[in-house]
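Asks:
Numbering (the working numbering), first residue to last: 2 to 285.
In C-alpha cells:
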C-alpha cells in the first residue's frame with residue numbers, strides 16, 4: 002500500500018478505529034470490519050506515521066520527564082503539545098498527495114468517528130482520534146487548508162521538547178557552590194594562641210586560606226566569586242582565616258575548617274574552630 006511500510010497488522014473485532022501500539026516492535030491494530038478503500042488507506046497512513054516516528058517512545062520519555070520533574074510545568078506542556086502536534090503531522094502524512102475531495106472525506110470520517118467513539122488515550126497507544134473533541138475543529142482546518150503549518154508546528158514542538166528534555170541535565174546538575182559561613186556555634190569561645198603570621202597577612206587581605214600542607218593563599222573574595230561562576234572546581238582542604246575590623250578600633254580573627262578551589266580560589270567555609278579578639282587591631 003503506498004505510503005505504508007512493511008509493518009505488522011493485527012485484527013481486533015473490539016475496536017472501531019485503527020491504532021498503533023508497542024515500543025520495541027510496534028504494530029498497527031485494525032478493526033475486523035475495515036473496508037478496502039482510499040479512505041481506509043489514508044487512515045492507515047495516519048497510523049503508520051505514528052509508528053514510523055516512534056511517537057509512543059517519545060511520549061513515554063515525556064512522561065518520564067514529568068515524573069522526574071513534576072514541579073516543572075513545562076514538562077507537562079511538552080507532553081500535551083507533542084500529543085496534539087503528533088496527530089497533526091500524522092494527518093498531514095495521511096493526506097499527502099490527496100485531492101481536496103479526498104481530504105474532505107478524510108476530515109468527515111474523523112468528525113463522524115469522534116462523535117460516536119470514546120477513546121481513552123494512553124501513552125503506549127496512538128489512535129486516530131488522539132485529540133479531544135474540542136480540538137477536532139483545529140485538525141479539520143489544518144487538513145482542509147493544506148500547507149506546511151503542521152510541519153512548522155511539529156518543528157516547534159520538537160524544539161520545545163528538546164529544550165525541556167535537555168533541561169533535565171540542568172536540573173540534575175549540582176548547583177554552583179558559593180562562599181558560605183557555618184553558624185558560629187562556638188561564638189563565645191576565645192582562643193589566645195593564634196599564629197603571629199596572621200598579623201602580616203591581614204595587613205593587605207581580610208581572608209586567607211591555609212592548606213593542610215602549610216601553603217598560604219591570600220584571598221580576594223570578590224574576584225574569586227566572579228571567577229567561580231564559570232569554574233568546575235577542584236577543591237583542596239585546609240583552614241580559612243578571616244579578619245573582622247571593629248568600630249571601636251579592635252578586631253576579631255576567626256579560623257574555620259574549609260576548602261579552596263585550586264582553579265579559581267573559590268572557598269567553602271565550614272565549622273568555626275577558634276576566635277581571637279584584639280582590643281586594638283595590630284593588622285591594619
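Beta carbons: idealized from backbone N, C-alpha and C, even for Gly.
#1: Measure the CB-CB distance between residue 104 and residue 62 and report whether it falls below 8 Å.
#2: Who does residue 218 pair with in a DSSP beta bridge?
#3: Residue 285 by DSSP, collapsed to three states: which one?
#4: In angstroms, rounded to a whole number, what distance separates the CA positions of residue 99 and residue 232?
#5: Output the boundary residues of the beta strand (DSSP E) element that contains residue 30.
#6: Identify the residues that DSSP records as bridge partners of residue 253: which are they?
#7: Hey, quick one: how far does the beta strand (DSSP E) through residue 13 stretch, first residue to last?
#8: Taking only the alpha-carbon atoms, compute the straight-line gap between residue 16 and residue 89 and give it to the nearest angstrom.
#9: Strictly by DSSP, which residues pair up with residue 18?
#10: Who are the Cβ neighbours of residue 76 in its own chain at under 6 Å, not counting the five residues just before and after it?
#11: For residue 14 and residue 21, what's the separation of their Cα atoms in angstroms?
#12: Taking the alpha-carbon positions, what's the residue 8 to residue 29 distance?
#13: Alpha carbons only, please: which of 112, 47, 41 is nearest the one belonging to residue 86?
#14: What is the residue span of the alpha helix (DSSP H) that residue 43 lies within?
Replies: Taking the coordinates as given:
#1: As a working mapping, residue 104 is identified with position 103 in the chain shown. As a working mapping, residue 62 is identified with position 61 in the chain shown. In this structure, residue 62 does not lie closer than 8 Å to residue 104 by Cβ.
#2: Stepping through the chain shown from its first residue, residue 218 is reached at position 217. DSSP, once it has assigned bridges, lists 210 as partnering residue 218.
#3: Numbered from its first residue, the chain shown carries residue 285 at position 284. In this structure, residue 285 counts as coil in the three-state DSSP scheme.
#4: Reading the chain shown from its first residue, position 98 is the one you call residue 99. Reading the chain shown from its first residue, position 231 is the one you call residue 232. If I take the Cα positions, the gap works out to 57 Å.
#5: For this step, residue 30 is matched to residue 29 along the chain shown. Taken as a continuous stretch (DSSP letters only), the beta strand (DSSP E) holding residue 30 covers 28–32.
#6: Locating residue 253 in the chain shown gives position 252, counting from the first residue. The partner list for residue 253 (beta bridge, DSSP) reads 245, 278.
#7: Within the chain shown, the letter at position 12 stands for residue 13. For residue 13, the enclosing beta strand (DSSP E) begins and ends at 10–13.
#8: Stepping through the chain shown from its first residue, residue 16 is reached at position 15. Stepping through the chain shown from its first residue, residue 89 is reached at position 88. Across the structure, residue 16 and residue 89 are spaced so that their CA atoms are roughly 22 Å apart.
#9: Indexing the chain shown from 1 puts residue 18 at position 17. Bridge pairing for residue 18: absent [DSSP].
#10: Looking up residue 76 in the chain shown gives position 75. The beta carbon of residue 76 is closer than 6 Å to those of 66, 67, 70, 165 in its chain, skipping five residues each way along the sequence.
#11: As a first step, residue 14 is located in the chain shown; it is residue number 13 there, counting from the start. As a first step, residue 21 is located in the chain shown; it is residue number 20 there, counting from the start. Those two C-alpha atoms are separated by around 15 Å.
#12: Within the chain shown, the letter at position 7 stands for residue 8. Within the chain shown, the letter at position 28 stands for residue 29. Between the alpha carbons of residue 8 and residue 29 lies a gap of roughly 8 Å.
#13: Position 85 of the chain shown, counted from the first residue, corresponds to residue 86. Taking only the C-alpha atoms, the option nearest residue 86 is 47.
#14: Here residue 43 refers to the residue found at position 42 when the chain shown is read from its first residue. For residue 43, the uninterrupted alpha helix (DSSP H) run begins and ends at 39–53, by DSSP.
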